[in-house]
Structures are given as structure tokens and as C-alpha cells.
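Enquirer: Next up is a structure, given as C-alpha cells.
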Amino acid sequence: MTIEVRNINKSFGDTPVLRDVSTTVESGSLTALLGPSGGGKSTLLRVIAGLEQPDSGTVRISGVDATRMAPQRRNVGFVFQHYAAFKHMTVFNNVAFGLQVRKRGKQEVRRRVTELLELVHLEQMANRYPAQLSGGQRQRMALARALAVEPEVLLLDEPFGALDAQVRKELRAWLRRLHDEVHVTTVFVTHDQEEAIEIADSIVVLANGVVEQAGSPHDIYDNPANPFVMRFLGPVT
Ligand code: ADP
Ligand code: MG
């Protein structure tokens with residue numbers, strides 16, 4: 003499902019955080035929203051999710067104007083850096099939650115949750131509690147939970163940011179494979195250039211509330227639009 007962001011402005015108090023931001027996320031792509039900390043990445047993701055209202059501009063999801071639509075009606079799944087799991091519920095029930103809220107039948111819930119746990123390689127963990135999982139396993143559970151209700155759009159805000167470098171590298175490759183299986187339009191926030199270049203189909207560079215460049219990793223790396231992008235993505239020496 004294509005996401006079209008047009009001329010979004012957003013300030014907190016007197017501070018502009020998004021300044022005339024326009025970009026298009028292609029249907030079925032894995033798109034990285036890349037930029038330095040404080041640049042407005044999370045705010046833009048929250049605007050797409052409907053968790054934050056822009057001061058002006060529009061968000062269209064699969065051609066429908068979603069700008070004033072409640073988050074629940076946008077059919078987006080969301081995963082944050084510090085994922086809040088239900089601590090008193092098993093992994094199975096955490097993943098099942100969204101389906102139960104939607105009053106899906108018991109059989110269907112069991113089938114779908116089993117499928118999802120296989121997809122994220124947590125089938126052995128169904129009866130554990132979140133506290134018994136590693137950080138990487140918890141983020142995979144979060145992804146399964148977000149995918150449970152078959153969102154049209156998956157929004158990931160530095161989902162692996164709190165994990166150590168080795169685990170992050172593994173999950174990065176895993177997310178790419180998962181995306182190749184599931185094909186849900188995904189926007190992935192990161193401040194890590196290497197991460198974006200390694201897994202994204204498309205990169206949007208956002209700094210200081212402005213889109214500096216958007217394109218394939220190849221385009222952006224080989225033809226940076228300006229000195230900022232060149233410095234930010236330059237060869238890591
Ligand atoms: P990023 O995710 O790229 O690090 P954010 O979107 O989180 O950037 O933040 C961009 C700027 O907006 C920062 O200066 C941040 O302090 C400010 N900001 C974000 N959310 C709020 C808020 N709810 N109230 C006030 N300022 C905010
Ligand atoms: Mg952020």
C-alpha cells in the first residue's frame with residue numbers, strides 16, 4: 003500500500019520539527035527513514051501512524067486521505083525501540099491479543115498465532131513470558147504481534163536500537179528475509195547508515211525536519227544530493 007506524505011509541517015511549541023516534508027513510500031517496499039538523532043524521524047512515523055496530528059499537509063494510505071483518520075482505522079502495525087509487552091501474558095497471548103480484541107474465533111486465533119510464531123522463529127517460546135525472552139526475541143515477538151492483524155503498513159521505530167551490535171546485525175538480516183516473505187509496506191526508522199544501506203529498497207534521508215534526499219541505497223550512496231548527505235553517508239573509514 004503506497005504511503006504518500008505531502009507538505010507535512012509540524013511544530014512543538016515554536017520549534018518546527020517537520021518542515022514541508024513530502025515523500026512517497028512505494029507499496030510493498032522496505033523503506034528506511036534515515037537521519038541523525040533529533041531530525042524528526044519518530045515524529046514523521048507518528049504522523050503516518052496517526053499518533054500525532056500535523057499542523058498542515060496530508061497523509062494518504064493506498065490512495066485514501068488518512069490525515070484526520072484515527073490510528074485504529076489506518077490499518078498500520080507499529081513497533082517501538084522499547085517494546086511494551088504485556089508482562090503477565092505468555093508470548094502466545096501477547097501475539098493473540100489484537101486478534102482477540104477483534105473477536106476472531108478461537109480456532110482462527112490458534113492457527114494464525116502458530117503461523118506467526120513460526121514466521122519469527124519463536125514457536126518454542128509460545129508458553130514463556132516476555133521476561134524470559136532475550137531482547138532480540140522480544141522484538142521478534144513485537145513484530146509478530148504487529149503483523150497479527152494483517153496491517154497494510156508496518157512502521158518500525160528503531161526496533162533493534164536497544165540491542166547489542168551482534169544481535170542487531172542478525173535481526174537486520176532477518177527483517178530483510180521476513181519482508182521478502184510477507185511483503186507488507188514497511189517504514190523502518192534508523193540512524194544507522196549501514197543498516198539502511200544493507201536492508202532497505204529505498205532510503206529517505208531526514209535531517210532537521212527536512213527531506214535531504216530519497217532514492218535507492220545505490221543512488222544515495224553514489225550520488226549524494228548535497229554535502230550533508232555525502233558526509234552523513236560517506237564511506238565509513
Ligand atoms: P528523531 O526520531 O529523528 O530522533 P524526533 O522526531 O523524536 O527525532 O524529534 C525531533 C525533535 O522534536 C526533537 O528536537 C525533539 O526534542 C522534538 N520533539 C519530539 N516530540 C516532542 C514532543 N512531544 N514535544 C516536544 N518536542 C518534541
Ligand atoms: Mg526517534
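For reference, each letter of the sequence shown is one residue, going 3 to 239 in this note's numbering. By construction, the Cβ of each residue, glycine as well, lies at the ideal position given by its N, Cα and C atoms.
Looking at the secondary structure, which residues open and close the beta strand (DSSP E) in which Gln215 lies?
Expert: Gln215 -> beta strand (DSSP E) spans 212-217.
Enquirer: Per DSSP, what kind of secondary structure is Gly137 in: helix, strand or coil?
Expert: Helix, per DSSP.
Enquirer: Quick one: give me the first and last residue of the alpha helix (DSSP H) that Ser44 is part of.
Expert: 43-51 is the extent of the alpha helix (DSSP H) around Ser44.
Enquirer: In the DSSP assignment, find the beta strand (DSSP E) that holds Lys171 and state where it starts and stops.
Expert: Premise fails: Lys171 lies in the alpha helix (DSSP H), 167-184, not in any beta strand (DSSP E).
Enquirer: Between which residues of its own chain and Ala51 is the CB-CB distance below 6 Å, once the five residues before and five after are set aside?
Expert: Once the five neighbours on either side are set aside, the close Cβ partners of Ala51 are Pro73, Val78, Phe80, Leu157.
Enquirer: Check Thr239 in the structure and name its three-state DSSP category.
Expert: In this prediction, Thr239 has a pLDDT of 48, which is less than 50 and means its spatial position is unreliable; nothing more can be read from the coordinates.
Enquirer: Taking 5 Å as the limit, name every residue whose beta carbon sits nearer than that to some heavy atom of ligand 1, in sequence order.
Expert: Taking each Cβ in turn, the ones that pass are Phe14, Val19, Ser39, Gly40, Gly41, Gly42, Lys43, Ser44, Thr45.
Enquirer: Suppose you measure from the CA of Arg75 to the CA of Asn9; what does that come to, to the nearest Å?
Expert: Distance between the alpha carbons of Arg75 and Asn9 is about 22 Å.
Enquirer: Residues in the same chain with beta-carbon distance under 7 Å from His84, minus the five sequence neighbours each way, listed in chain order, please.
Expert: Contacts found: Ala164.
Enquirer: Please report the distance separating the alpha-carbon of Thr92 from that of Gly59.
Expert: Answer to the nearest angstrom: the Cα atoms are 41 Å apart.
Enquirer: With Leu32 as the anchor, note down where its beta strand (DSSP E) starts and where it stops.
Expert: Unbroken beta strand (DSSP E) run through Leu32: 32-36.
Enquirer: So, are the CB atoms of Gln189 and Leu36 less than 8 Å apart?
Expert: Checking the displayed sequence, the identity of residue 189 turns out to be Val instead of Gln. No, these two residues do not count as a Cβ contact at 8 Å.
Enquirer: Looking only at its chain, what residues have a beta carbon closer than 8 Å to the beta carbon of Pro18, apart from the 5 residues adjacent to it on each side?
Expert: These residues qualify, in order along the chain: Asn11, Lys12, Gly211.
Enquirer: Under the rule that 16 or more other beta-carbon atoms within 10 Å means buried, what is Lys105, buried or exposed?
Expert: Exposed, because fewer than 16 other Cβ atoms sit within 10 Å of the Cβ of Lys105.
Enquirer: So, using beta-carbon positions, are Val97 and Ala167 closer together than 8 Å?
Expert: Taking 8 Å as the Cβ cut-off, Val97 and Ala167 do not qualify as a contacting pair.
Enquirer: With DSSP as the reference, please indicate the residues paired to Phe80 in a beta bridge.
Expert: For Phe80, which the question treats as bridged, DSSP gives the partners Leu157.
Enquirer: Would the C-beta of Glu152 count as close to ligand 3, meaning under 7 Å from any of its heavy atoms?
Expert: No copy of ligand 3 occurs in the structure displayed; its ligands are ligand 1 and ligand 2 alone.
Enquirer: Tell me which residues share the same chain as Pro38 and place their Cβ nearer than 8 Å to its Cβ, disregarding the 5 neighbours each side in the sequence.
Expert: Closer than 8 Å at the Cβ level, and outside the excluded window around Pro38, lie His193, Ala209, Phe234.
Enquirer: Could you tell me the boundaries of the beta strand (DSSP E) in which Asn95 lies?
Expert: Counting along the chain, Asn95 falls outside any beta strand (DSSP E), though it belongs to the alpha helix (DSSP H) covering 93-103.
Enquirer: May I ask you to list the residues that DSSP assigns as paired with Leu20?
Expert: Partner(s): Lys12.
Enquirer: Going by DSSP, which residues form a beta bridge with Phe190?
Expert: In the DSSP output, where bridge partners are listed per residue, Phe190 has Ala34, Leu158.
Enquirer: By how many angstroms is the C-alpha of Ala128 removed from the C-alpha of Leu119?
Expert: Leu119 and Ala128: Cα-Cα distance of roughly 7 Å.
Enquirer: Under 8 Å by Cβ, that's how I've got Val7 and Ser24 pegged, so tell me the actual separation to the nearest angstrom.
Expert: With 8 Å as the limit, Val7 and Ser24 qualify as a contact, their Cβ atoms being about 6 Å apart.
Enquirer: Out of curiosity, what's the CA-to-CA distance linking Gly42 and Arg114?
Expert: Distance between the alpha carbons of Gly42 and Arg114 is about 35 Å.
Enquirer: So, is Glu214 buried or exposed, given that buried needs 16 or more other C-beta atoms within 10 angstroms?
Expert: By the neighbour-count rule (16 or more Cβ atoms within 10 Å), Glu214 is buried.
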